[in-house]
Amino acid sequence: MIDLKSMTPEEISGVLKELGAPAFRGKQVFAWLHKGAACFEEMSDLPKALREKLGEHCFITVPKVARKQVSRQDGTIKYLWELADGNCIESVLMRYHHGNTVCISSQVGCRMGCAFCASTIAGKVRDLTPAEMLDQVLFTQLDSGLEISNIVLMGIGEPMDNLDNVLRFLQLVNHPAGMNIGMRHISLSTCGVVPGIRRLAQLKTQLTLSVSLHAPDGETRSKIMPVNRAYPVEELFAACHDYFRETGRRISFEYAMIDGVNDQDWQADLIASRIKGMPGHVNLIPLNDVVESPFKPSGRIAAFQRRLESHGVTATVRRSLGGDIDASCGQLRRKAMEEAKRGEKPL
Numbered sequence: 025m026i027d028l029k030s031m032t033p034e035e036i037s038g039v040l041k042e043l044g045a046p047a048f049r050g051k052q053v054f055a056w057l058h059k060g061a062a063c064f065e066e067m068s069d070l071p072k073a074l075r076e077k078l079g080e081h082c083f084i085t086v087p088k089v090a091r092k093q094v095s096r097q098d099g100t101i102k103y104l105w106e107l108a109d110g111n112c113i114e115s116v117l118m119r120y121h122h123g124n125t126v127c128i129s130s131q132v133g134c135r136m137g138c139a140f141c142a143s144t145i146a147g148k149v150r151d152l153t154p155a156e157m158l159d160q161v162l163f164t165q166l167d168s169g170l171e172i173s174n175i176v177l178m179g180i181g182e183p184m185d186n187l188d189n190v191l192r193f194l195q196l197v198n199h200p201a202g203m204n205i206g207m208r209h210i211s212l213s214t215c216g217v218v219p220g221i222r223r224l225a226q227l228k229t230q231l232t233l234s235v236s237l238h239a240p241d242g243e244t245r246s247k248i249m250p251v252n253r254a255y256p257v258e259e260l261f262a263a264c265h266d267y268f269r270e271t272g273r274r275i276s277f278e279y280a281m282i283d284g285v286n287d288q289d290w291q292a293d294l295i296a297s298r299i300k301g302m303p304g305h306v307n308l309i310p311l312n313d314v315v316e317s318p319f320k321p322s323g324r325i326a327a328f329q330r331r332l333e334s335h336g337v338t339a340t341v342r343r344s345l346g347g348d349i350d351a352s353c354g355q356l357r358r359k360a361m362e363e364a365k366r367g368e369k370p371l
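So for the sequence shown, the numbering used here puts the first residue at 25; every next one is plus one.
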């Protein structure tokens with residue numbers, strides 16, 4: 025069976041040609057898919073015979089809302105989506121004055137093993153297809169009734185570990201005949217997969233690259249982020265400097281503040297020295313208190329911010345959204361998995 029939603033209009037036209045339909049039908053099918061059509065019967069401007077052929081040879085991905093939590097504090101919406109194979113992923117809709125942002129997942133689970141993250145506890149199950157990533161944006165918009173203007177690939181999974189599918193998703197969501205969300209309205213976060221950063225630099229995509237740094241020194245970073253053993257922090261910063269030279273785009277460094285681990289003044293000084301020479305932005309994140317993790321939130325965020333700013337580094341503190349609805353990556357999926365194991369509530 026053919027996954028049409030992971031295809032461009034031209035590729036869909038090629039499939040239709042093999043089914044004996046004219047090429048122009050490809051644009052029609054593409055438009056229907058990107059409006060959220062759940063079945064071929066909904067495509068009312070296609071001949072019935074063609075709709076039947078499509079149903080025999082192709083399929084349309086349609087996620088189910090397994091759970092939905094709405095924050096009473098700020099209107100943030102957390103979705104747990106059930107996929108066709110029964111696996112579940114998360115998306116979060118965040119409402120800002122400048123527009124609505126959806127944070128999407130790129131994999132079912134994650135194999136990166138970051139010690140403070142709930143997404144990686146059960147490991148990686150599989151990669152998401154381009155269609156499954158697109159569905160998170162599309163069906164979040166349809167279910168909420170709120171137009172999505174920005175996307176962040178910061179949910180479950182490491183986007184650089186599924187880069188071919190991520191690049192195809194970006195092509196589809198950016199397509200003028202689809203959702204047409206511009207690259208400068210999309211952020212991609214990586215824990216530091218250096219080959220992926222270098223590949224993006226060569227492609228000169230105009231998205232915003234976010235690097236989950238969390239420690240500027242190799243010893244600390246290797247303890248909390250196993251990826252540092254494969255791609256040491258020195259190589260990571262070298263790739264970031266090259267990325268800026270190739271694209272001209274400022275990089276955002278995500279930094280979860282962990283009590284007694286990465287919140288010392290000397291670490292702020294080291295961040296500043298390694299960013300020097302490119303316009304970097306450090307986003308300090310109050311750590312989510314994950315039950316399974318031994319790490320606790322730092323009380324030195326303001327002092328750390330001042331130390332960075334004393335070096336001329338732009339540093340902000342991320343506003344916490346959805347604190348009452350398990351909005352941290354992987355928390356809702358993890359909770360649902362545990363309940364399913366206990367037989368309390370099926371996913």
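Note that CB positions come from ideal geometry on N, CA and C, so glycine has one too.
Tell me the DSSP bridge mates of residue i?
i	result
TYR103	LYS92, SER115
ASP266	DSSP output for ASP266 lists no bridge partner at all.
PHE83	ASP27
ILE172	ASN124
PRO318	None, per the DSSP bridge assignment.
SER143	DSSP output for SER143 lists no bridge partner at all.
VAL235	THR214, PHE277
Which residues mark the beginning and the end of the alpha helix (DSSP H) in which residue i is found?
i	result
GLU278	Premise fails: GLU278 lies in the beta strand (DSSP E), 276-281, not in any alpha helix (DSSP H).
SER168	154-168
ILE325	325-334
LYS148	Here LYS148 belongs to no alpha helix (DSSP H); instead the beta strand (DSSP E) covers 148-151.
LEU191	187-197
In the DSSP assignment, find the beta strand (DSSP E) that holds residue i and state where it starts and stops.
i	result
ASP293	Counting along the chain, ASP293 falls outside any beta strand (DSSP E), though it belongs to the alpha helix (DSSP H) covering 289-299.
PRO310	305-310
ILE377	With the chain covering only 25 through 371, there is no way to say anything about residue 377.
ASN124	123-127
LEU224	Looking at the DSSP string, LEU224 is not in any beta strand (DSSP E); the run it does join, the alpha helix (DSSP H), is 218-227.
GLY38	No beta strand (DSSP E) contains GLY38, which is instead part of the alpha helix (DSSP H) from 33-42.
ALA339	338-341
GLN131	131-133
Closest to residue i by C-alpha separation, out of the options, would be which residue?
i	options	result
ASN307	VAL285, ARG298, TRP290, ALA339	ALA339
LEU152	ASN189, LEU117, ILE175, PHE163	ASN189
GLN93	SER168, LEU28, GLN131	SER168
PHE407	VAL39, LEU43, GLY44	In the structure as shown, the chain begins at 25 and stops at 371. Residue 407 is therefore absent and cannot be evaluated.
MET25	LEU74, PHE48, ILE84, ALA45	ILE84
LEU294	ASP266, THR244, GLY272	THR244
THR164	LYS59, PRO256, HIS122, VAL251	LYS59
ARG150	GLY133, ARG91, VAL161	GLY133
VAL176	ILE325, ARG208, ASP185	ARG208
THR271	ALA139, ARG343, THR232	THR232
LEU332	PRO71, GLY301, ASN312, SER297	SER297
GLN291	SER115, GLY301, VAL257	VAL257
CYS82	LEU43, GLU278, VAL89, LEU70	LEU43
ILE210	ARG222, ALA201, GLY220, LEU191	LEU191
GLU80	VAL116, VAL337, LYS72	LYS72
ARG91	THR100, GLY99, LEU104	LEU104
SER374	CYS63, ARG223, LYS88, GLY242	Any property of residue 374 remains undetermined from this structure, which presents the chain solely from 25 to 371.
ARG269	LEU311, TYR255, ALA280, ARG222	ARG222
GLU106	GLN160, CYS138, THR125, ILE145	GLN160
Is the beta carbon of residue i less than 9 Å from the beta carbon of residue j?
i	j	result
ASP27	ALA155	yes
PRO240	ARG274	no
SER130	GLY206	no
LEU237	LEU212	no
GLU35	GLY50	yes
GLY110	LYS148	no
PHE328	ASP287	yes
MET249	VAL197	no
VAL235	CYS264	yes
PHE140	SER317	yes
ARG330	ILE309	no
Step through the CB atoms of chain C and report whether any lies within less than 9 Å of the CB of residue i.
i	result
VAL94	Among the chains in the structure shown there is no chain C, since it carries only a single protein chain.
Do residue i and the ligand GTP come close, with the Cβ less than 8 Å from some heavy atom?
i	result
ARG222	With respect to the ligand GTP, the structure offers nothing, as it holds no ligand at all.
TODO: Just list the alpha helix (DSSP H) runs in the segment 237-264, keeping only unbroken ones of 4 residues or longer that don't cross its boundaries, in chain order.
DONE: 242-248, 251-254
- [ ] Jot down the residue ranges of each uninterrupted alpha helix (DSSP H) in the segment 46-86, minimum 4 residues, whole runs only, in chain order.
- [x] Runs found: 49-57, 72-81.
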